[in-house]
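Engineer: Order-wise, the sequence lines are chains C and F.
Numbering follows the working numbering, with no gaps: position 214 of the first sequence is 271.
Numbering follows the working numbering, with no gaps: position 32 of the second sequence is 89.
Here a beta-carbon is modelled for each residue, glycine too, at the ideal position from N, C-alpha and C.
Quick caveat: nothing in here was measured; it's all calculated off a predicted structure.
Number of protein chains: 2
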Amino acid sequence: MLDSVLIWADKNHRRWLEDLRHWLAIPSVSTQESHDADVAAAAEWAMFNLRGIGLTAELIPTARHPCVFATTPADLCPPQAPHILFYGHYDVQPAQIEDGWATPPFTPTVKNGDLIARGASDDKGQVHAHLAALLAWREIASELPVRLTVLLEGEEEIGSINLPTVLKQRKDELKSAQSLIISDCNQFAPGVPAITCGLRGLMYYQMDMHGPAADLHSGLFGGAVANPANALVEMLSRMHDGQGRVTVPGFYDDVAVVDETLRRQWRSLPFTDDQFAHEAGIKTPFGEAGYTTLERKWIRPTLDINGLWSGYQGPGAKTVLPARASAKLSMRLVPNQDPRKIASAFEAFIQRITPPGVTVTLTALGASSAALTPTDSPAMQAAAEALKIGFGQDPVYVREGGSIPVVGWFKEILGLDAVMLGFGLPDDHIHGPNEKLNLECYYAGIRTAAALYGILGQKLQSR
Amino acid sequence: MLDSVLIWADKNHRRWLEDLRHWLAIPSVSTQESHDADVAAAAEWAMFNLRGIGLTAELIPTARHPCVFATTPADLCPPQAPHILFYGHYDVQPAQIEDGWATPPFTPTVKNGDLIARGASDDKGQVHAHLAALLAWREIASELPVRLTVLLEGEEEIGSINLPTVLKQRKDELKSAQSLIISDCNQFAPGVPAITCGLRGLMYYQMDMHGPAADLHSGLFGGAVANPANALVEMLSRMHDGQGRVTVPGFYDDVAVVDETLRRQWRSLPFTDDQFAHEAGIKTPFGEAGYTTLERKWIRPTLDINGLWSGYQGPGAKTVLPARASAKLSMRLVPNQDPRKIASAFEAFIQRITPPGVTVTLTALGASSAALTPTDSPAMQAAAEALKIGFGQDPVYVREGGSIPVVGWFKEILGLDAVMLGFGLPDDHIHGPNEKLNLECYYAGIRTAAALYGILGQKLQSR
Numbered sequence: 058m059l060d061s062v063l064i065w066a067d068k069n070h071r072r073w074l075e076d077l078r079h080w081l082a083i084p085s086v087s088t089q090e091s092h093d094a095d096v097a098a099a100a101e102w103a104m105f106n107l108r109g110i111g112l113t114a115e116l117i118p119t120a121r122h123p124c125v126f127a128t129t130p131a132d133l134c135p136p137q138a139p140h141i142l143f144y145g146h147y148d149v150q151p152a153q154i155e156d157g158w159a160t161p162p163f164t165p166t167v168k169n170g171d172l173i174a175r176g177a178s179d180d181k182g183q184v185h186a187h188l189a190a191l192l193a194w195r196e197i198a199s200e201l202p203v204r205l206t207v208l209l210e211g212e213e214e215i216g217s218i219n220l221p222t223v224l225k226q227r228k229d230e231l232k233s234a235q236s237l238i239i240s241d242c243n244q245f246a247p248g249v250p251a252i253t254c255g256l257r258g259l260m261y262y263q264m265d266m267h268g269p270a271a272d273l274h275s276g277l278f279g280g281a282v283a284n285p286a287n288a289l290v291e292m293l294s295r296m297h298d299g300q301g302r303v304t305v306p307g308f309y310d311d312v313a314v315v316d317e318t319l320r321r322q323w324r325s326l327p328f329t330d331d332q333f334a335h336e337a338g339i340k341t342p343f344g345e346a347g348y349t350t351l352e353r354k355w356i357r358p359t360l361d362i363n364g365l366w367s368g369y370q371g372p373g374a375k376t377v378l379p380a381r382a383s384a385k386l387s388m389r390l391v392p393n394q395d396p397r398k399i400a401s402a403f404e405a406f407i408q409r410i411t412p413p414g415v416t417v418t419l420t421a422l423g424a425s426s427a428a429l430t431p432t433d434s435p436a437m438q439a440a441a442e443a444l445k446i447g448f449g450q451d452p453v454y455v456r457e458g459g460s461i462p463v464v465g466w467f468k469e470i471l472g473l474d475a476v477m478l479g480f481g482l483p484d485d486h487i488h489g490p491n492e493k494l495n496l497e498c499y500y501a502g503i504r505t506a507a508a509l510y511g512i513l514g515q516k517l518q519s520r
Numbered sequence: 058m059l060d061s062v063l064i065w066a067d068k069n070h071r072r073w074l075e076d077l078r079h080w081l082a083i084p085s086v087s088t089q090e091s092h093d094a095d096v097a098a099a100a101e102w103a104m105f106n107l108r109g110i111g112l113t114a115e116l117i118p119t120a121r122h123p124c125v126f127a128t129t130p131a132d133l134c135p136p137q138a139p140h141i142l143f144y145g146h147y148d149v150q151p152a153q154i155e156d157g158w159a160t161p162p163f164t165p166t167v168k169n170g171d172l173i174a175r176g177a178s179d180d181k182g183q184v185h186a187h188l189a190a191l192l193a194w195r196e197i198a199s200e201l202p203v204r205l206t207v208l209l210e211g212e213e214e215i216g217s218i219n220l221p222t223v224l225k226q227r228k229d230e231l232k233s234a235q236s237l238i239i240s241d242c243n244q245f246a247p248g249v250p251a252i253t254c255g256l257r258g259l260m261y262y263q264m265d266m267h268g269p270a271a272d273l274h275s276g277l278f279g280g281a282v283a284n285p286a287n288a289l290v291e292m293l294s295r296m297h298d299g300q301g302r303v304t305v306p307g308f309y310d311d312v313a314v315v316d317e318t319l320r321r322q323w324r325s326l327p328f329t330d331d332q333f334a335h336e337a338g339i340k341t342p343f344g345e346a347g348y349t350t351l352e353r354k355w356i357r358p359t360l361d362i363n364g365l366w367s368g369y370q371g372p373g374a375k376t377v378l379p380a381r382a383s384a385k386l387s388m389r390l391v392p393n394q395d396p397r398k399i400a401s402a403f404e405a406f407i408q409r410i411t412p413p414g415v416t417v418t419l420t421a422l423g424a425s426s427a428a429l430t431p432t433d434s435p436a437m438q439a440a441a442e443a444l445k446i447g448f449g450q451d452p453v454y455v456r457e458g459g460s461i462p463v464v465g466w467f468k469e470i471l472g473l474d475a476v477m478l479g480f481g482l483p484d485d486h487i488h489g490p491n492e493k494l495n496l497e498c499y500y501a502g503i504r505t506a507a508a509l510y511g512i513l514g515q516k517l518q519s520r
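1) Measure the alpha-carbon distance for G176 of chain C versus L81 of chain C and round it to whole angstroms.
2) Are the beta-carbon atoms of V529 of chain F and I141 of chain F separated by less than 9 Å?
3) Can you tell me whether DSSP reads H339 of chain F as helix, strand or coil?
4) Taking 9 Å as the cut-off, decide whether the C-beta atoms of L378 of chain F and G368 of chain F are in contact.
5) In chain C, which residues lie with their C-beta within 8 Å of the C-beta of E404 of chain F?
6) Please identify the residue among F:I407, F:F467, F:V453, F:R504 whose C-alpha is closest to the C-alpha of N243 of chain F.
7) From D272 of chain C to Q183 of chain F, what distance separates their C-alpha atoms?
8) When DSSP labels each residue in this structure, what does N69 of chain C get in the three-state scheme?
9) Run through the DSSP bridge pairs and tell me what G236 of chain F is partnered with.
10) Is Q235 of chain F buried or exposed, if buried means 16 or more other CB atoms sit within 10 Å of its CB?
11) Find the nearest neighbour of H79 of chain C within the set C:L63, C:I64, C:A100, judged by alpha-carbon distance.
12) Sort out for me which residues DSSP pairs H267 of chain F with in a bridge.
13) Output yes or no for whether 9 Å exceeds the beta carbon distance between A127 of chain F and V207 of chain F.
14) Just checking: is the beta-carbon of D331 of chain C within a distance shorter than 9 Å of some beta-carbon in chain F?
15) Helix, strand or coil for L112 of chain F per DSSP?
16) Do A246 of chain F and L482 of chain F have their CB atoms nearer than 9 Å?
17) For A246 of chain C, list the residues DSSP reports as bridge partners.
18) Strictly below 7 Å CB to CB, what residues from chain C border D310 of chain F?
19) Applying the criterion that 16 or more other CB atoms from any shown protein chain within 10 Å of the CB defines a buried residue, is A193 of chain C buried or exposed?
20) Nearest by alpha-carbon distance to L419 of chain C: which of C:F406, C:K181, C:R72 is it?
21) Using the C-alpha atoms, what's the distance from S85 of chain C back to H92 of chain C?
22) Look up R204 of chain C in the DSSP assignment and say whether it is helix, strand or coil.
23) Could you tell me whether the Cβ of S567 of chain F comes closer than 9 Å to any Cβ of chain C?
24) Could you check how far apart the C-beta atoms of N393 of chain F and D311 of chain F are, in whole angstroms? I think they sit under 8 Å.
25) Checking contacts by CB at 9 Å: is F278 of chain F closer than that to chain C?
26) Q370 of chain C versus chain F: which residues are under 7 Å apart at the beta carbon?
27) For the candidate residues F:A400, F:G511, F:T341, whose alpha-carbon lies nearest to that of Y262 of chain F?
28) Considering Cα atoms alone, identify which of F:Q515, F:R504, F:L509, F:Q518 is closest to W73 of chain F.
29) Excluding five sequence neighbours on each side, which residues of the same chain lie with their C-beta closer than 7 Å to the C-beta of L201 of chain C?
30) Output, in chain order, the set of chain F residues within a Cβ distance shorter than 9 Å of E230 of chain C.
31) Can you round the beta-carbon distance between Q150 of chain F and E214 of chain F to whole angstroms, since I take them to be within the 8 Å contact cut?
32) Which bits of chain F does H297 of chain C rub up against, with CB to CB less than 8 Å?
33) Confirm, please, whether the CB-CB distance from I470 of chain F to S529 of chain F is below 9 Å.
34) Sort out for me which residues DSSP pairs Y262 of chain C with in a bridge.
35) Determine, for P342 of chain C, whether the minimum Cβ-Cβ distance to residues of chain F falls below 9 Å.
36) Could you list which residues in chain C have their beta carbon closer than 7 Å to that of G459 of chain F, in chain order?
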């Protein structure tokens, strides 16, 4: 049956593309209130599309943008079909042609085998590959091979702020799900499909240094008053040693050791520092001594300054001795690091290194643990088989340096590990101008999704 | 004759005050283009006022705001009268009642013996004390005791950008001046008049750190890419040691040693750290080990961060690995430090401590030497005698931690040392809301100015 589904899916490339274009044309920019109506329209588009497949679809309102929620009616899947949850998002990053787009970002355009539009890769295009696969199953098999629940959110690009509430509200309907599928990530390289089985966690802080009650004249007071900007850089500089290691006491105590076999496998991946430097827009990679670039991104924790501000930032000279200096900083955490323990260590360290004459306020702005999905589960095996069918290549198992808080919430609230298989490519320019999805990847993604649901329907039993 | 001038000046307090109110009512805010017409009006007000005294006054146009320039006709002073240059400025800092003013900033208001208005102390009120004194001489003696040139600029609050050009244009008329008088400063404390005989110099830099070509995602790239904000704080932190000393090699090599007698005199000035901390809005002073607060302000060089910016400064968390990080920083210089030598040492130091993976651009935003006026010149002695007459107290000789670039330009272009005697008080809130000039100080300033010109006319001979 899967073969027929795949053949039919491949025959309908033009149909999928036309359908996806309509969705991409809706500028569902979640962070800009002027686009609120567009966000709602994109949600409705997805709801009607899911109903067209035969699912029971509704919108779940939240404090900001709705979630699209769809379930499989009893007569649309076998009685013993496993319950699978698919998560994606229909909101997109802001985009304006002035940012450097060659074509209008919300006028989807095919060029050199790429579909160019905001959201093409992140995440409408990848979600749509699943929608197309489901429609193919419905058309050819008259039913879906799994009892699917689809949850599409409209706030992924603004921190998924209301998703935990929705997960808790719908916990009764979701708790029987046996597997969670997410396609909001990339292949490792062109022709190298990947399963993402690890993510770093995140601790984010704002640090505010307070000096004099108001800005002072740096001539009249300089030298005799503690300058909070001087103090801030002094403190921030004490967080790394000369080897690129973080000096917060205890920071590395619990870091999971990655066995040499895995590290050796990673070293054989098609990856070069030159290629990475090109993608990053740098001359040469830089990081903690003793680790490769992939290891620095995947399995080593970091501390990075994400923002700095103090005093005068305008043109020319202003001789101000600032009253205040602030930084945003974040630590990427790796498996086994406990965000609470790291937070305590960090806050104690800050207290200890605060110089005289200034005070510090620390504000925590989010904490999430690293995620590591076991690769030997039936769902992960199904994903590997599906990628082989879809892309004609065995996938590699990779990690990602970023943090996807929703993955942590699914685990925490529903106990679900995420199977992350993405159809994008590392150079898709997500969040930047000229975002694209390669059409071959898109069509391979449709085949992969079709195969995945078919294999999951065979491998997993309803519980 | 001076006695009669002083008596008449004292009799006319109401007249002076009414006259000054008109000038203060003109919002001559030089930095805001919306006030350009007001700046021009304030310049014209001064020109007509100087003509009323009998001087030949004109406006000198510049690329931005005009200078008021007035000379003494041959029949308005004795043939052998010395040539004296008086400098002041008629522009003011921005002020809006919303900034925290108790009364409208350009509606001069008398309250508790203070005249409250933007510019009351900085510098219209102090300049007007001189205008009043000159009118008193004209009225009582029918002539001025000196051959005075008055130069009032309209750009002091925006860096005196066009003043060097004007000084060079008018060098022929100015080069015969024997002394330069400036009243744009303060008494040391209430009842303690002062002559400011030293200023710190200034070197100002913008430092731009460049990392990746564009902002990166701190999860996807963090740990494997040099973060220019991390690099910036690392470099900035290396500019001080644990004792508050600047670590730029050679920084202190040429610092003038101040003899113990002078330091002992300063220690007997009516000054306490508590009072300073109160004025600065801090708990306790902080600075280089081994020096008093006044010494840290007056005779020790500094390096202060005046501005910092990088990455994300908004609310909440944004996981950006910034492409760029910048700082404004300035060094206050003391006598004998050569700005060129310090600049070379600083720039070489920056080059040496730049970590791998980032590049630095340094932009110099101004350099001026420290100024030190010998206290034993006839003009300084005249100023001391005049302050004793005006305020009833011998003045103290002080320095100031700030830098007045015009003082350096007068020295460089015209070879003139500035005699700086101010009528303001340290708590006049210049540049802040509720700027004021104490009326007793104002009237004492008029007496002082009248006495000063009288004494200069006697002490100095035309050369």
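Structural biologist: The structure says:
1) Our two residues, G176 of chain C and L81 of chain C, have alpha carbons roughly 6 Å apart in a direct line.
2) With chain F running from 58 to 520 in the structure shown, residue 529 of chain F is simply not present.
3) The question names His, but residue 339 of chain F is Ile in the sequence shown. The answer is coil: DSSP assigns I339 of chain F none of H, G, I, E or B.
4) G368 of chain F sits close to L378 of chain F, with the two beta carbons spaced by under 9 Å.
5) Those do not exist, as E404 of chain F stays about 17 Å from chain C at its closest Cβ, beyond 8 Å.
6) When each option's Cα is compared against that of N243 of chain F, the closest is F:V453.
7) Cα to Cα, the separation comes out at about 25 Å.
8) Looking at N69 of chain C - three-state DSSP - the assignment turns out to be coil, as it is neither helix nor strand.
9) Per the sequence presented here, residue 236 of chain F reads as Ser, with Gly not at that position. Under DSSP, S236 of chain F takes part in a beta bridge, and its partners are F:I141.
10) Counting every other CB atom within 10 Å of its CB across the protein chains shown gives Q235 of chain F a total of 16 or more, marking it as buried.
11) Selected option, being the one with the closest Cα: C:A100.
12) F:R381, F:T416.
13) The answer is yes: Cβ separation under 9 Å.
14) For D331 of chain C, the nearest beta carbon of chain F is not closer than 9 Å to its own beta carbon.
15) Reduced to three states, the DSSP call for L112 of chain F is coil.
16) Yes, the Cβ-Cβ distance between A246 of chain F and L482 of chain F is below 9 Å.
17) DSSP, once it has assigned bridges, lists C:V249 as partnering A246 of chain C.
18) What D310 of chain F touches in chain C: nothing, since even the nearest Cβ is about 18 Å away.
19) Classification for A193 of chain C: buried.
20) For the residues C:F406, C:K181, C:R72, the minimum Cα distance to L419 of chain C belongs to C:F406.
21) If you draw a straight line from the Cα of H92 of chain C to the Cα of S85 of chain C, it comes to about 6 Å.
22) Of the three classes helix, strand and coil, the one that applies to R204 of chain C here is strand, per DSSP.
23) Since the first and last residues shown for chain F are 58 and 520, residue 567 of chain F lies out of range.
24) A Cβ-Cβ separation of about 5 Å places N393 of chain F in contact with D311 of chain F under the 8 Å criterion.
25) Any Cβ of chain C closer than 9 Å to the Cβ of F278 of chain F would place that residue at the interface, and such an atom is present.
26) Scanning chain F for C-beta atoms nearer than 7 Å to the C-beta of Q370 of chain C yields G364, W366, reported in chain order.
27) Looking at F:A400, F:G511, F:T341, the one whose alpha-carbon comes closest to that of Y262 of chain F is F:A400.
28) Checking every option, the nearest Cα to that of W73 of chain F belongs to F:R504.
29) Contacts found: T129, L133, C134, L191, W194, R195, Y510.
30) The contacting residues do not exist; E230 of chain C stays about 31 Å from chain F at best.
31) With 8 Å as the limit, Q150 of chain F and E214 of chain F qualify as a contact, their Cβ atoms being about 5 Å apart.
32) Listed along the chain, the chain F residues whose CB falls inside 8 Å of the CB of H297 of chain C are N287, E291.
33) The requested residue 529 of chain F does not occur in the structure, where chain F is confined to residues 58 to 520.
34) Beta-bridge pairing links Y262 of chain C to C:L386, C:A421.
35) Taking Cβ atoms only, chain F reaches closer than 9 Å to P342 of chain C, which makes this a yes.
36) Under the 7 Å cutoff, chain C gives H274, G276, L277.
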